[in-house]
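Chemist: Quick note, this note's numbering runs 532 ahead of the 1-based positions in the sequence shown. From the three backbone atoms N, C-alpha and C, an ideal C-beta is built for every residue, glycine too.
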Amino acid sequence: MMRLRVIFPSARKVYPDKEVELRTATLRNFCGPNTQLEFSYPDEGETFKQNLTWDDFIKAIPHFVLAAKQAEAEGVDAIMIHCVYDPGYEEIRRAVKIPVVGFGQAVFNAALQIAPRFGIIAPNDSLLKEANDVMDQYRVRDRLAHMEPLNVQLPEAHLRGEELRRRSVDIARRCREKGAGVVIPFGMALIPTHLRTEDIRESAGIPVLNPAQIGIREAEIIMEAVA
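Put into C-alpha cells, the structure is as follows:
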C-alpha cells in the first residue's frame, strides 16, 4: 500500500466541516486500490477566506514545509499541496527527499499533450498575476490562449453554485473561441470541489481537465516508479 499525503493550504480550524468533507471526498474518488490517501494541515495559515491574495500563501509556506517534513518522518511515500498554484513546491522539494507532486505541474503536463494551446478558468482577479507566474515557472505561458477569473469567493462557493457553473461554462466557451483546445480550472478549491469538470465540458463543448484527478493519478505513477 502506497501512502500519499495531501496537505491542505489552511489550518484545520479555518475550514468548515462541510468544506473538508467535500475536498477529501473529491480526492478519494480518484485514488486507486493500492493508495492510502491521507490528509494533513499546517499549524498556521488562512487561504480559505474572502479576498485571497498571494501574501496569504507566502505567510503559510513555512508551515507547509513543516507539515511536509512531518509527513516524511512518518513514512509517507509522496506529498502534495492542495492547490493548483503549487505554493511552496520548490521549498518543500528542497526540504524533503520523498517525491513532491504538484497539482499545477501535473495538469499543465496533461494539457500540453492534448492540445497546443490551453485556456484557464482562474479563481479571482487577485491571483491573476500569480497564475502567470506559475505558467512562467513551468515555461508554458506561451501556450495560453485565454484566461479569465470567476470572481467567486471561496467561502461563498456553496451559496453560488449556479453562478459558478454559468461563469465557468461562459469562460470555457471563450477559451475555445480564442483558440484553446483544452481548459484548465485553476485553484481546485472551487473546481472540482464545488463543480464537476464534466458539467463544464458538456455545456462548453471543450475538454476541461480535472486537476484533482490528474494530480492524484500522476502521484500514484510516481510512487510506483520509485518504490
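Would you list the residues sitting across from Leu-569 in a DSSP beta bridge?
Modeler: Looking at the DSSP assignment, Leu-569 forms a beta bridge with Leu-536.
Chemist: Tell me the rounded alpha-carbon separation between Val-632 and Ile-611.
Modeler: Taking the straight line joining both Cα atoms gives about 5 Å.
Chemist: Spatial neighbours of Arg-544 within its chain, please: CB distance less than 7 Å, with the 5 preceding and 5 following residues excluded, ordered by chain position.
Modeler: Tyr-573.
Chemist: On the CB-based measure, 16 or more other CB atoms within 10 Å of its CB, does Pro-743 come out buried or exposed?
Modeler: Buried, since its Cβ has 16 or more Cβ neighbours within 10 Å.
Chemist: Does DSSP put Val-758 in a helix, a strand or coil?
Modeler: Looking at Val-758 - three-state DSSP - the assignment turns out to be helix.
Chemist: For the 8 Å Cβ check, are there 3 or more pairs between the stretch 606-625 and the stretch 729-736?
Modeler: Contact fails: fewer than three Cβ-Cβ distances are below 8 Å.
Chemist: Between Ala-605, Ile-630 and Ala-638, which has its C-alpha nearest Asp-618's C-alpha?
Modeler: Among Ala-605, Ile-630 and Ala-638, the Cα nearest to that of Asp-618 belongs to Ala-638.
Chemist: Is the stretch 691-703 in contact with the stretch 666-683, if contact means three or more CB pairs nearer than 8 Å?
Modeler: Yes: the two stretches touch, three or more of their Cβ pairs being nearer than 8 Å.
Chemist: Rounded to a whole number of angstroms, what is the C-alpha to C-alpha distance between Cys-563 and Leu-569?
Modeler: Near 7 Å, if we compare the C-alpha coordinates of Leu-569 and Cys-563.
Chemist: Rounded C-beta distance between Leu-686 and Phe-580? I'm assuming under 8 Å.
Modeler: The pair is a contact, with the Cβ atoms about 5 Å apart (cut-off 8 Å).
Chemist: Does the Cβ of Leu-691 have 16 or more other Cβ atoms within 10 Å, making it buried, or fewer, making it exposed?
Modeler: Its Cβ having fewer than 16 others within 10 Å, Leu-691 is exposed.
Chemist: Helix, strand or coil: which one does DSSP assign to His-595?
Modeler: The answer is helix: DSSP assigns His-595 an H, G or I state.
Chemist: With respect to the alpha helix (DSSP H) encompassing Gly-651, which residues constitute its N-terminal and C-terminal limits?
Modeler: Note, Gly-651: premise wrong, no alpha helix (DSSP H); beta strand (DSSP E) at 650-654.
Chemist: Give me the DSSP bridge partner(s) of Ile-787.
Modeler: Residue numbering for the chain in the displayed model covers 533 to 759; residue 787 lies beyond these limits and cannot be assessed.
Chemist: Roughly how many angstroms lie between the CA atoms of Val-666 and Asp-657, to the nearest whole one?
Modeler: C-alpha separation (whole angstroms): 15 Å.
Chemist: What separation, rounded to the nearest whole angstrom, lies between the Cα atoms of Ile-653 and Tyr-547?
Modeler: Taking the straight line joining both Cα atoms gives about 23 Å.
Chemist: Please state if the CB of Ala-592 and the CB of Glu-576 are separated by a distance shorter than 8 Å.
Modeler: Cβ distance < 8 Å, so Glu-576 and Ala-592 count as in contact.
Chemist: Could you have a look at Ala-543 and say whether DSSP puts it in helix, strand or coil?
Modeler: It is coil, neither helix nor strand.
Chemist: Is it buried or exposed, Gln-745, if we count other Cβ atoms within 10 angstroms and call 16 or more buried?
Modeler: Classification of Gln-745: buried, given that the 10 Å Cβ count is 16 or more.
Chemist: Anyone know if the C-beta pair for Leu-536 and Ala-751 falls short of 8 Å?
Modeler: Result yes, Cβ atoms of Leu-536 and Ala-751 sit closer than 8 Å.
Chemist: Could you tell me which uninterrupted beta strand (DSSP E) segments, each at least 3 residues in length, are contained entirely in the stretch 599-650, listed from first to last along the chain?
Modeler: Within the stretch 599-650, the complete beta strand (DSSP E) runs of at least 3 residues are 610-613.
Chemist: For Arg-697 and Asp-674, which I take to be in contact (beta-carbon distance under 8 Å), what is that distance rounded to the nearest angstrom?
Modeler: Contact doesn't hold; Cβ gap of about 30 Å is too wide.
Chemist: Quick check on DSSP: helix, strand or coil for Pro-687?
Modeler: Helix.
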